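Input: a single structure, listed below in structure tokens.
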Amino acid sequence: MNQAHATIRYTTEIREDTGLYNGKLGMWLFLASEVMLFGALFSAYVFLRLSARDGEWPHGLLNIPIGAFNTLVLITSSLTVALSWTSLKMGDFQRYRRFQFVTLGCATAFLGIKSWEYYDKFNHYEVWLEKPVTAKEHPQLAGHSTDPDAPIASIIGHVEGARPFTTLASLEEAGATTVTIHPDKFHYRLSARQQAERRKAERSGEAETARIAAESHEGVSFDVSQIDRLSAFVPRHGTFFANYFTLTGLHALHVIGGILAFAFLLWPGARMWRDDPERYTNRVEVTGLFWHFIDLVWIFLFPILYLL
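For the sequence shown, the positions run 3 to 310 when our numbering is used.
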């Protein structure tokens, strides 16, 4: 007994009740749930940031130029997604493929840059001292304060022999008696005004800056007994990095999901273009909506994490 070939309604035609085809309606409903997810995380971050006391919330611990460049990369990918969908609407599949290759390249570059940022944070340490010191006592710490007599309670830099999740306890268990730190010449915790003042001072005293840089390269050593705690810029470092890795890590997972979806449509899923080009175009459109949402999330992430 032959049965009529069943077709799924509203894959290409518009529903009368919503004015959308099913795929687009489903994607908008999914994005509504995503808004609630990221909205809750953003709200938690904002409340934690506002409730922090003066001096408790770290400033400038992220690389702003790298973050800005990554933002540009992601915005470019959003443009190529729109152009690829437009190419399909015009019936030009080869042009669509070219734009999608650029999209995948931008998405991969974004993840590569973000991975490099993660690696840098995993190897960047903050060392808290039992008793504050001054830059006058240790000239290598000149980058940590604009005032040589100001007490310095923690030092940011690279710790010799430390791995991403090294702790003070693990160093003591390994028999370490001293901890050698190669401090950053430029202290990220300085405010924007202090950063500008320091750049101005460095331009007017290049010889002194060179001397400080040379001393900083040698590193500064402290007895283990002088150190209260040390941590790489990993989630356990503090509230800021716990939020940073949660938000950017979740966003990176969404980027990976977008890459997989585009790659499927570009290769095995492309067979649908021959059989049902309109339905294929709709699939590319709804995947593009998801990608635009990913871009929009990053446009919010960049200023609140990197700039504020």
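Glycine is no exception: its CB is placed at the ideal position from the N, C-alpha and C atoms. These figures come from a predicted structure and were not determined experimentally.
Its chain contains Leu113 and Lys116 as the residues whose beta carbon lies nearer than 8 Å to that of Ala254, once the 5 sequence neighbours on both sides are disregarded; these appear in chain order.
A Cβ-Cβ separation of about 11 Å leaves Phe101 out of contact with Ser80 under the 8 Å criterion. Spanning the alpha carbons of Lys133 and Ser227 requires a straight line of approximately 10 Å. Here the alpha carbon of Glu58 sits roughly 19 Å from the alpha carbon of Gly145. With distances taken between CA atoms, Ile296 lies nearest to Val75 out of Gly177, Ile66, Val75 and His160.
Under the three-state reduction of DSSP output, Gly159 falls in the strand class. Within the region 92-138, complete alpha helix (DSSP H) segments of at least 4 residues are found at 95-124, given in chain order. A distance below 8 Å between beta-carbons, with the five flanking residues on each side excluded, links Phe71 to the following residues of its chain, in chain order: Ile115. The beta-carbon distance between Thr289 and Phe264, rounded to whole angstroms, is 6 Å. This is short enough to meet the 8 Å contact definition. At a Cβ-Cβ threshold of 8 Å, Tyr47 and Asn245 count as neighbours. Between the C-alpha atoms of Leu268 and Thr136 there is a straight-line separation of about 59 Å. Spanning the alpha carbons of Pro237 and Tyr127 requires a straight line of approximately 12 Å.
With respect to Phe235, Val181 sits apart: the two C-beta atoms are not nearer than 8 Å. Within its own chain, the residues whose Cβ lies closer than 8 Å to the Cβ of Pro279, once the five positions on either side in sequence are excluded, are Leu90 and Gly93, listed in chain order.
Taking C-alpha positions only, Arg11 is separated from Ile258 by approximately 30 Å. Approximately 7 Å separates the beta-carbon atoms of Val222 and Leu143; this is inside 8 Å, confirming the contact.
The straight-line gap separating the alpha-carbon atoms of Asp56 and Ile261 is approximately 41 Å.
Closest in C-alpha terms to Ser53, from the list Thr241, Gly28, Ala171 and Glu287, comes Thr241.
Of the candidates Phe32, Ala34 and Thr13, Thr13 places its Cα closest to the Cα of Asn24. The three-state reading of DSSP puts Thr182 in strand, counting E and B together.
Relative to Arg273, the option among Leu291, Phe95 and Glu139 whose CA is nearest is Phe95. Minimum Cα-Cα distance from Pro305 among the listed residues His294, Thr73 and Ile157 corresponds to Thr73. Under DSSP, Val222 shares a beta bridge with Ile183. Each residue's CA atom was taken as its position, placing His294 and Thr9 some 30 Å apart. Rounded to the nearest angstrom, the gap between the Cα atoms of Asp277 and Phe266 is 16 Å. Residue state for Arg17 is assigned as coil, using DSSP reduced to three classes.
Under the three-state reduction of DSSP, Arg273 is assigned to helix.
Per the C-alpha coordinates, the member of His239, Ala155, Trp118 and Thr250 positioned closest to Thr169 is His239.
Annotation: the continuous beta strand (DSSP E) that includes Ser233 extends over Ile229 to Ala234.
In the structure shown, Ile154 adopts extended strand secondary structure according to DSSP, grouped into three states.
By the criterion of a C-beta distance shorter than 7 Å, His140 is surrounded in its chain by Val222, once the five residues flanking it on both sides are discounted.
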